[in-house]
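Structure record follows, encoded as structure tokens.
2 protein chains.
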Amino acid sequence: MTTESLVNNLFNTDYESIPENVKEHAKKSILNWAGVAIGSANHPSVGMVLDLKNDLQSSEQVTILGRSEKADILLATLTNGMTSHIFDFDDTHLDTIHHPSGPVAPVVFALGEWYDLNPIEVLRAFVLGSEVELRISNAIYPAHYDLGWHITSTVGVFGAAVSAGLLLKLNKEQLLQALGIAGTQSSGLREMFGTMTKPFHPGKAAQNGLLAAMLAKKGFTSSNQVLEAKRGFSAVLSPTFNLDRVNENWGKQWELLKNSFKPYACGIVLHPSIDACIQLRNFAEPMNVQEIQLIVNPSVLELTGKKEPRTGLEGKFSIYHSAAVGFLEKAAGQAQYDDEKVMDPNIVAFRSKIKPSINDDINEDKAIAKVILNNGTEHKVTIEHATGSIENPMSRASLIDKFIALTKPIIGDEQGKKVIRKIERFEDVESIEEITALCRG
Amino acid sequence: MTTESLVNNLFNTDYESIPENVKEHAKKSILNWAGVAIGSANHPSVGMVLDLKNDLQSSEQVTILGRSEKADILLATLTNGMTSHIFDFDDTHLDTIHHPSGPVAPVVFALGEWYDLNPIEVLRAFVLGSEVELRISNAIYPAHYDLGWHITSTVGVFGAAVSAGLLLKLNKEQLLQALGIAGTQSSGLREMFGTMTKPFHPGKAAQNGLLAAMLAKKGFTSSNQVLEAKRGFSAVLSPTFNLDRVNENWGKQWELLKNSFKPYACGIVLHPSIDACIQLRNFAEPMNVQEIQLIVNPSVLELTGKKEPRTGLEGKFSIYHSAAVGFLEKAAGQAQYDDEKVMDPNIVAFRSKIKPSINDDINEDKAIAKVILNNGTEHKVTIEHATGSIENPMSRASLIDKFIALTKPIIGDEQGKKVIRKIERFEDVESIEEITALCRG
Chain Y
1 MTTESLVNNL FNTDYESIPE NVKEHAKKSI LNWAGVAIGS ANHPSVGMVL DLKNDLQSSE
61 QVTILGRSEK ADILLATLTN GMTSHIFDFD DTHLDTIHHP SGPVAPVVFA LGEWYDLNPI
121 EVLRAFVLGS EVELRISNAI YPAHYDLGWH ITSTVGVFGA AVSAGLLLKL NKEQLLQALG
181 IAGTQSSGLR EMFGTMTKPF HPGKAAQNGL LAAMLAKKGF TSSNQVLEAK RGFSAVLSPT
241 FNLDRVNENW GKQWELLKNS FKPYACGIVL HPSIDACIQL RNFAEPMNVQ EIQLIVNPSV
301 LELTGKKEPR TGLEGKFSIY HSAAVGFLEK AAGQAQYDDE KVMDPNIVAF RSKIKPSIND
361 DINEDKAIAK VILNNGTEHK VTIEHATGSI ENPMSRASLI DKFIALTKPI IGDEQGKKVI
421 RKIERFEDVE SIEEITALCR G
Chain W
1 MTTESLVNNL FNTDYESIPE NVKEHAKKSI LNWAGVAIGS ANHPSVGMVL DLKNDLQSSE
61 QVTILGRSEK ADILLATLTN GMTSHIFDFD DTHLDTIHHP SGPVAPVVFA LGEWYDLNPI
121 EVLRAFVLGS EVELRISNAI YPAHYDLGWH ITSTVGVFGA AVSAGLLLKL NKEQLLQALG
181 IAGTQSSGLR EMFGTMTKPF HPGKAAQNGL LAAMLAKKGF TSSNQVLEAK RGFSAVLSPT
241 FNLDRVNENW GKQWELLKNS FKPYACGIVL HPSIDACIQL RNFAEPMNVQ EIQLIVNPSV
301 LELTGKKEPR TGLEGKFSIY HSAAVGFLEK AAGQAQYDDE KVMDPNIVAF RSKIKPSIND
361 DINEDKAIAK VILNNGTEHK VTIEHATGSI ENPMSRASLI DKFIALTKPI IGDEQGKKVI
421 RKIERFEDVE SIEEITALCR G
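These protein sequences, in sequence, are chains Y and W. Be aware that the first sequence starts at 1, since it is given in full-length UniProt numbering, and climbs by one per residue. Be aware that the second sequence starts at 1, since it is given in full-length UniProt numbering, and climbs by one per residue.
What follows is the structure, given as structure tokens:
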């Protein structure tokens, strides 16, 4: 019984038995989540969701990252999950394209702040919720994703329920029921990509998972075999699946260690090309460039082939824009994907010099780039593994730079540095409120 | 474009263009919904959901049917949708096994009460939301249901969004977006049948649909082709579908007229057998009965073959218990499915006299029953169309009896009769509050 074994595994995994490197990686994931969540706090969609507070006359319980107002734990969870994904700049489990922190971190922060929970318990709940998400995603990827499901939300709801369930101290039977109540709320269609509803997905997964655990705690009944039942989650939402992946090597192999962080605020397929263009800039000034040739994986043109993007969001789906800003600005952070930047005449003009071509032998994290100067000189760069890949992860310094760049406009430099210090020493903070108070805008 | 055509059809259908018989049928549907919702208001699961108010410190905005406390419009919608389905006694569109009122009525009542909306607008929103649900269900049934989806919730969310969208006066573009936000929240697994999570489904569909419309009103963006897109609702959630069914004969044929009401508090496949046993009682006293033979559709033993039910809920999945109470008590209302009744020694003993056998030539709404007395005498009854089928609908008088039987323990006889009068003259009430005030427990 997959679901029951999973619950048993969770109960057998106390804080001490989680390896140090996993805990460290969890703190990096939380830092990355907090950065993107704070950074996007003023996006129009956030104001729309928080306006629900007026409609519902709802209470102020916990922090909305990057905002001055609070919300009740369910609405805060929705909002802080949504902001994790607005910039498409969140963490990624590359094997499954699952972004684990979005559905889980908002839950552990909301409960941790509201019930003033021990940070060590909160960190354990984050690790185990994330681990459950990624293992379930392993079991159903790629068939589930290919069918059209947004895996971060469809599976994220289980991680959220586990994190919440552990923090609310459900017993085994209640946690089984919570997984059932979570799984039956699983939803999120890839058709929504490119709209505000895409980041709404991980927020809703977080909220639904928290709701599931809250109800299970009260005795609400559900299925105790949601993963493996004939009409359960896997059979209904995935054409093929391998449920062995959920529990195998539990406690020995940690999927969370494969969680990676993006240096650039766009889809991962663009990252090797951006890396390459940043390096090429060392050999040439823009005015001297005749063209930049890129050899890339076929998915690059399939997913990000937009030649004339007109908005920041469209820019994220354009190899032309992304390579251009990589070369011109040696960066591809959120600032390189705002609406003005995408319409900047210098950048628009330079986009026409970008010449991508596809090659089946090039992996997704690889790119070969060649700049040809007006005088005929050529320079070539090969990126074997893009920054942010498992083989070439972002350094601590880069993660910190990313956090500061994202949060400085909202909470300022100094406060941002304090948040970094607190999250890096998560086990030592007195309370979660100590962190969240610093994350308010 | 299916979704856009649907929105155009909705905008072209004003109150006057809805035929009188459709409006009358809508009022019957609302009466039936209110009865089952009030009747199940004290079920333990309702207390659990309403306890969320304490966790969230949420506000009291509108009526929870059958309860004294109120809740905010989203939580009230969840609760009033859940209670529609707790007794499995709600309305049914027999072509698709979709129970249309559960996801829609809570939305129109919450908004109608909170914003003090014109009852005529509320009735139109109920009719059109229901119509949308049933038409979408027609398009994907049976493949979608057979895969394991609880169609009432997966599709109900669209009806809820439409009803809410019309009452919140969304423009066409906003209503398209609302359908997108609704569809991406579509969820509900049949694995949950037999647990508290089953009735949670229509409640969540109602709540998610209302949320979708509220967000769309604020400018939240989504897909404008959720029904027909390559990775949209139909393609992802149904192995086969025919989207022509959504808009064909709009305004000429009304699916809502096919909505039927249950005389008995159990699955429809049991109804012809119960009808038959009630009639057989006219020929025999229990003490004289040797056995009762039933010839039924094969689905009866597949779905309701439980020989020794031990709880009220299990009794609903037992032809043996259902036929026994039909004969012994000439009834199969909610009172015949409480836990005590199912364990009553007289009824338990009589169950062993029920001898069902299946026959492929017997339709689902047909049954043949024969009572054999101890003295060898036999009496036979054939039910061609069970009460509650399209061919043999419940009379107004039976619907009223059902309403009173369900609601008397909660709001009393006299108040119940007032509710009936108000709902039967829905267009003439001054405000929705006039009705809901009478529905409080």
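Built from N, CA and C at the ideal position, the CB exists for glycine as well. Nothing here was measured: the structure is a model prediction, and the numbers come from that model.
### Message
Ignoring anything shorter than 3 residues, give me the beta strand (DSSP E) runs that lie fully in the stretch 322-382 of chain Y, in order along the chain.
### Response
354-358, 367-373
### Query
Going by the CB atoms, is the gap between H25/Y and E259/Y shorter than 8 Å?
The sequence given here places Asn at residue 259/Y; Glu does not occur at that position. In this structure, H25/Y lies closer than 8 Å to N259/Y by Cβ.
### Task
Examine chain W for any beta-carbon lying closer than 8 Å to the beta-carbon of A206/Y, and answer yes or no.
no
### Query
Given T311/W, which residues of its chain have a CB within under 8 Å of its CB, disregarding the five upstream and five downstream residues?
D339, V342
### Task
Give the DSSP-derived three-state secondary structure of G305/Y in the structure shown.
strand
### Task
Verify the CB distance criterion: does V236/W have a CB-CB separation below 8 Å to chain Y?
yes
### Query
Could you give the uninterrupted runs of the alpha helix (DSSP H) lying entirely in the stretch 183-268 of chain W, keeping only those of 4 residues or more?
197-217, 233-237, 244-247
### Query
How is the beta strand (DSSP E) around L294/Y delimited, first residue to last?
289-296
### Task
Please name the residues in the stretch 214-229 of chain W whose beta-carbon is closer than 8 Å to at least one beta-carbon of chain Y, in chain order.
M214, L215, K218, G219, F220, T221, S222, S223, Q225, V226, A229
### Task
Name the one or two DSSP bridge partners that H150/W has.
Answer is none; H150/W lacks a bridge partner.
### Message
Rounded to whole angstroms, what is the Cα-Cα separation between A182/W and E285/Y?
### Response
50 Å
### Task
Identify the contact partners of E191/Y in chain W, using a Cβ-Cβ distance below 7 Å as the criterion.
S223, V226, A229, R231, G232
#### Entry: Cα-Cα separation, D90/W to A405/Y
55 Å
### Message
How far does the alpha helix (DSSP H) with H25/Y in it extend, from its first residue to its last?
### Response
20-39
### Message
Suppose you measure from the CA of A139/Y to the CA of L10/Y; what does that come to, to the nearest Å?
### Response
18 Å
### Query
Roughly how many angstroms lie between the CA atoms of L75/Y and G102/W, to the nearest whole one?
24 Å
### Message
What does the alpha-carbon distance come out to for the pair T377/Y and E364/Y?
### Response
28 Å
### Same chain, Cβ closer than 8 Å to L257/Y, five either side skipped, listed in chain order
N21, V22, H25
### Query
Within 10 angstroms of its Cβ, does N297/W collect 16 or more other Cβ (buried), or is it exposed?
buried
#### Entry: Residues near Q279/Y by beta carbon distance below 7 Å, same chain, minus five either side
V381
### Message
Based on DSSP bridge pairs, tell me the residues matched to T63/W.
### Response
K70/W
### Residues, ordered as in the chain, of the stretch 51-62 of chain W that lie near chain Y by beta-carbon distance below 8 Å
D51, L52, D55, L56, Q57, S58, S59, Q61
### Task
Could you tell me if A349/W is buried or exposed, where buried requires 16 or more neighbouring beta carbons within 10 angstroms of its beta carbon?
exposed
### Query
What is the C-beta distance between S389/W and P263/W, in whole angstroms, given that I count them as a contact (C-beta under 8 Å)?
With 8 Å as the limit, S389/W and P263/W do not qualify as a contact, their Cβ atoms being about 10 Å apart.
### Message
My output table needs one value for S318/W: the three-state DSSP class, helix, strand or coil.
### Response
strand
### Query
Are the beta-carbon atoms of T77/Y and Q253/Y separated by less than 8 Å?
no
### H144/Y, DSSP secondary structure in three states
helix
### Message
With a threshold of 8 Å between beta carbons, is I97/Y in contact with chain W?
### Response
no
### Task
Rank G47/Y, P100/Y, H321/Y, M48/Y by C-alpha distance to the C-alpha of A265/Y and give the top, closest one.
H321/Y
### Query
Under a CB-based cut-off of 8 Å, is T240/Y close to chain W?
no
### Query
If you compare alpha carbons, which of A125/Y, F109/Y, I136/Y is closest to P97/Y?
Reading off the sequence, residue 97/Y comes out as Ile, not Pro. The residue with the shortest Cα to Cα distance from I97/Y is I136/Y.
### Cβ of M1/Y within 8 Å of any chain W Cβ
no
### Query
Between the beta-carbon of I383/W and the beta-carbon of L294/W, is there less than 8 Å?
no
### Task
Identify whether H93/Y lies in helix, strand or coil by the three-state DSSP scheme.
strand
#### Entry: 8 Å Cβ cutoff met for V236/Y and L147/W
yes
### Message
Please classify R351/W as buried or exposed, where buried requires at least 16 other C-beta atoms within 10 Å of its C-beta.
### Response
buried
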